[in-house]
Amino acid sequence: MILNTNFVYLLAAVGHIVCGITDCMLAYTPNGRFDMKDAEDNDKMSAIFEGMSLKRLEAAGVLGVIALTVSTFGFIALSRWMKDYSGTASMIMYITGLAFIVPITAHHICCSVVEWFYVKLGRDKDALSNVMEFFKNTIITAGIGYVSLAVFSITMVCMIVTGHTDLPRWAALFATLPLYLILSPTKIQAKGNVANAIMFLFMFFAV
1328 MILNTNFVYL
1338 LAAVGHIVCG
1348 ITDCMLAYTP
1358 NGRFDMKDAE
1368 DNDKMSAIFE
1378 GMSLKRLEAA
1388 GVLGVIALTV
1398 STFGFIALSR
1408 WMKDYSGTAS
1418 MIMYITGLAF
1428 IVPITAHHIC
1438 CSVVEWFYVK
1448 LGRDKDALSN
1458 VMEFFKNTII
1468 TAGIGYVSLA
1478 VFSITMVCMI
1488 VTGHTDLPRW
1498 AALFATLPLY
1508 LILSPTKIQA
1518 KGNVANAIMF
1528 LFMFFAV
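Sequential numbering from 1328 applies to the sequence shown in our numbering.
Pasting the structure below:
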């Protein structure tokens, strides 16, 4: 199958690398790194986003959507690769892969929009109140996406660890969830994208 190729895994890895870069474009402002705790104090929030370019936020949103769209083919390819070993596992991975990409793309857009409107509306308390209300009302997209990705990864790990694939059992460490848990104590940004990129790069060389 065309999608089940090493090229698609490499393309998906690049997609997640680019998406990770756009996450950093949203997280790092001219005055330092934005943290959600900063939203509790508008004076601090305003100072952090002072001088933030609207063009940068627009670029981060658009490039992130393109990058995640490209990465979709990698998740489809992985589910089709799994079909050689288990139709059930393949279907689970296919459904949860798409259930990750679609909501997480929406979440990426929401994050870009929240920052764009906060800056555009003057970074005052009313602007913060409005954008945070929007963010809280749309945060479910992130929840659905990350739960779906966890199920995708757990399915892949179980199949590898139980010896149902041609990969060695230690290859399970290169699935997204184990990689994310390894990266979580570090200060690396965009850990989810980094973990996904490593997984696809591993599959590029392993199969």
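Heads up, the beta-carbon is just placed ideally off N, CA and C, and yes, glycines get one too.
- Just so you know, the alpha carbons of VAL1441 and ASN1464 end up roughly 12 Å apart.
- Residue range 1503 to 1510 is occupied by the alpha helix (DSSP H) that includes TYR1507.
- PRO1430 and PHE1402 have their C-alpha atoms roughly 14 Å apart.
- Under the 10 Å beta carbon count, ASP1350 is surrounded by 16 or more other beta carbons and is classified as buried.
- In terms of Cβ geometry, LEU1476 and THR1423 form a close pair [threshold 9 Å].
- Scanning its chain for C-beta atoms nearer than 8 Å, with the 5 sequence neighbours on each side dropped, one finds around LYS1518 the residues TYR1507, LEU1510 and SER1511, in chain order.
- Around the Cβ of TRP1497, a 10 Å sphere holds fewer than 16 other Cβ atoms; the residue is exposed.
- DSSP, reduced to helix, strand and coil, places ARG1407 within a helical segment of the structure shown.
- For ILE1467, the number of other beta carbons within 10 angstroms of its own is below 16, and it is reported as exposed.
- If you look at PRO1430, you'll find it in the alpha helix (DSSP H) that goes 1414 to 1447.
- In the three-state reduction of the DSSP assignment, ARG1450 falls in the coil class.
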